[in-house]
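The structure under discussion appears below in the form of structure tokens.
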Amino acid sequence: MVMARINITDPTGTVVSPGMVLLEGILRDEGHDAQVVTGDLACQGGLFRAAPDAWYLSTVSVRQFLALPAFFDRVGLEVLAAARASTAPLVALGGYPAANPLPILPLVDVVALGDGEATAPALAAALDRGGKAAALEAAEETQGLAATRAAFALARAEGPFGARLIPMARGRAAVEVARGCKRRCAYCAISWLVPYREADQEEVHQVLAASSCRQVNLLASSLSDVSWATALPAMLAATGSRDVGEHVSIRSYLRGGGGAWRSSVATGIDGASERIRRATGKPITDDEVVAAVELARDLGVTRLKLHQLLGMPGETAEDLDAWRGLWARIARVAAESARLQVIMSTHFHLATPHTPLEETAAVRQVPARRCAAACRTHAHAVNKATGRSAVLVLQAKGYGQWRLEQYLMRADETAAELILRRPGEKLIRSQRWEEMVPPTRPRAWGCVDAGVPARMREAALRRYWLEMGGHPPVLGHDAVSP
Ligand code: SF4
């Protein structure tokens, strides 16, 4: 039997994620001729196999949707799916941005939601059976989102998953230990889109024992929440493996006295103030954050990255003042160390489809931007005073980028017109996208069956506003003028 030839890539060809390598291994185990494409497809440096049976596109950001027309040019495909010949390769796209697939429906054949190791082999098997027509039929039969929309979504397939060694760059490997997250922070797609599941403890042990790779990244959104997490140190010791993943939760970091030694640590603080963190379901205190910075300093960590979420719905000047106060405390600790660098990576809240805060997109982030600018000025002063060039770094994702991502996340089919027009980044960032998707517009993605039941999201939204002082969950109520 001729087995399907499949290229796996992201629309720019520049990212090789553990998920893509995992998919490649699973498809090969089932006899398919799969390969991860590497190299920058946009600048003609990419190496890909011509004339495959399918392109599987993996996405992690809605901005990758904008790269689709150039991708199709590069690989010799018509940009519109409807204009492609029946013999052209199937184009299937997955990843969490596809939870609102409306902006890209005219460009792809299949939007795959759920676990890739279920949907990807199912499509490949259909390709083997009867080519592209059979794959489209299989997709349509599984879930009929698309019969009227020129593309198809496979049903969510979210069963147990097996532990596998995922070979990565620099002689390292990854092993997925848990999928989804049981914390359910109100803004987070990981926990609301994907059900929480864990790999079997014994299977993980066997995978580690059988591998000759000793530097492993144990993949889980919150490793300390894994029900058998206490067994991990002994398992790593018995198999001679070292966990090289840098992401930790603050509380597990403090509880474990730093745990396995890492020179680089990353963690999420998220909301600007304790009040917002309680509301989102991540009640980390300022004292805990400062204690984590002190621990990192004492352990000789060289790089501590703190992810911070600003512009949350209902955020006030008091919340931003609290953040400035926390920043000053962190700065004092970092300045005492001869080697610790603290990077505060700030992101603006994105109202993500299928999360409790999915309809809170109309907030203009001006006060938060001003506050971030003040913190950056403060960081420069601290760096100058200590004589070290980068004791403190404040990274801020651009406002234009936030607006663009928010628009693409919430948009309906009209966004496809924008993508097809191929405007330059500068132009599209300058638009007031939040006004193009007014907060009163019904959720465009409501037709997509993804995420947990709506009543759970609604309960979490009520809890959020209760903690924030009882604001009614009215769309866009907290918009502020620039
Ligand atoms: S933000 Fe982190 S801890 Fe919270 S739900 Fe998402 S993955 Fe879990």
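If you want the numbering used here, it's the 1-based position in the sequence shown plus 742. Heads up, the beta-carbon is just placed ideally off N, CA and C, and yes, glycines get one too. From a predicted model like this one, the values you see are computed outputs, not experimental measurements.
In three-state terms, what does DSSP make of residue i?
i	result
Glu-918	strand
Glu-1141	Sequence inspection shows Tyr at residue 1141; the Glu mentioned does not correspond to that position. Here Tyr-1141 sits in helix by DSSP.
Pro-1224	Reliability of the predicted coordinates at Pro-1224 is poor, the pLDDT of 29 falling under 50, and no value is obtained from them.
Asn-1125	helix
Trp-797	strand
Ile-846	helix
Leu-822	coil
Ile-1026	coil
Val-1108	helix
Asp-752	coil
Val-779	coil
Arg-747	strand
Ala-866	helix
Leu-1146	helix
Met-1210	coil
Arg-1130	coil
Leu-1037	helix
Leu-996	helix
Leu-1099	coil
Tell me which residue opens and which closes the alpha helix (DSSP H) that residue i is part of.
i	result
Thr-1156	1156-1163
Met-762	760-771
His-1049	Counting along the chain, His-1049 falls outside any alpha helix (DSSP H), though it belongs to the beta strand (DSSP E) covering 1045-1052.
Thr-981	974-981
Gln-957	Run containing Gln-957: none in the alpha helix (DSSP H); it sits in the beta strand (DSSP E), 957-961.
Val-986	Looking at the DSSP string, Val-986 is not in any alpha helix (DSSP H), and its letter there is neither H nor E.
Ala-1076	1059-1078
Val-949	943-952
Val-853	Here Val-853 belongs to no alpha helix (DSSP H); instead the beta strand (DSSP E) covers 852-854.
Pro-931	The residue asked about is misnamed: residue 931 is Ala in this sequence, not Pro. Element bounds for Ala-931: 931-935.
Val-1287	Since the displayed the chain opens at 743 and closes at 1224, residue 1287 lies outside it and no answer follows.
Answer yes or no: the CB of residue i versus the heavy atoms of the ligand SF4, is any distance below 7 Å?
i	result
Ile-750	no
Cys-955	no
Ser-964	yes
Gly-987	no
Arg-1199	no
Ile-932	yes
Lys-1139	no
Gly-1010	yes
Arg-914	no
Lys-1024	yes
Arg-993	no
Cys-1189	no
Arg-1205	no
Arg-926	yes
Cys-1113	no
Cys-923	yes
Give the range of the beta strand (DSSP E) segment to which residue i is assigned.
i	result
Thr-1009	1006-1012
Ala-834	832-836
His-1089	1083-1090
Gln-806	It is not in any beta strand (DSSP E) - Gln-806 carries neither H nor E in the DSSP assignment.
Pro-909	907-909
Using only CA atoms, which one of the options lies nearest to residue i?
i	options	result
Glu-1147	Pro-839, Val-778, Gly-761, Val-821	Pro-839
Leu-1150	Ile-1161, Ala-1115, Val-919	Ile-1161
Ala-1080	Trp-1187, Val-1133, Arg-1118, Leu-865	Val-1133
Val-817	Val-1035, Ala-1038, Gly-755, Ala-973	Gly-755
Leu-832	Glu-1016, Asp-795, Ala-1070	Asp-795
Thr-1136	Glu-1060, Thr-801, Val-757, Leu-1052	One detail in the question is off: residue 1136 reads as Leu in this sequence, not Thr. Leu-1136 has its Cα closest to that of Leu-1052, out of Glu-1060, Thr-801, Val-757, Leu-1052.
Gly-998	Leu-974, Glu-1016, Ala-1021, Gly-922	Leu-974
Leu-765	Asp-857, Arg-805, Asp-851	Asp-857
Met-1086	Arg-1071, Gly-837, Thr-1094	Arg-1071
Trp-934	Ala-876, Thr-1097, Glu-1200, Glu-1057	Thr-1097
Leu-808	Thr-1102, Tyr-929, Pro-1165	Pro-1165
Val-757	Ser-800, Gly-773, His-774, Arg-747	Ser-800
Leu-996	Ala-916, Thr-1009, Glu-1057	Thr-1009
Would you say residue i reaches chain D, if we count a Cβ-Cβ gap shorter than 8 Å as a contact?
i	result
Met-762	In summary, chain D is missing from the structure at hand, where a single protein chain is found.
Enumerate in chain order the residues of its own chain whose CB-to-CB distance from residue i is below 7 Å, with the five nearest sequence positions on each side excluded.
i	result
Cys-1113	Leu-1062, Trp-1065, Arg-1066
Arg-1019	Asp-1012, Gly-1013, Pro-1025, Ile-1026
Ala-892	With a pLDDT of 35 at Ala-892, under the threshold of 50, the predicted position of this residue should be treated as unreliable, and no value is reported.
Leu-810	Pro-753, Ile-846, Leu-849, Ile-1161
Asp-942	Ala-905
Between residue i and the rest of its own chain, which residues show a CB-CB distance below 6 Å, the 5 nearest in sequence each way excluded?
i	result
Ala-1138	Thr-1088, Ala-1114
Glu-859	Ile-768
Met-977	His-947
Thr-751	Val-779
Arg-1045	Ser-1006, Gln-1083
Kindly list the residues whose CB is nearer than 8 Å to the CB of residue i, restricted to its own chain and excluding five residues on each side of it in sequence; keep chain order.
i	result
Arg-1039	Val-1075, Ala-1076, Glu-1078, Ser-1079, Leu-1082
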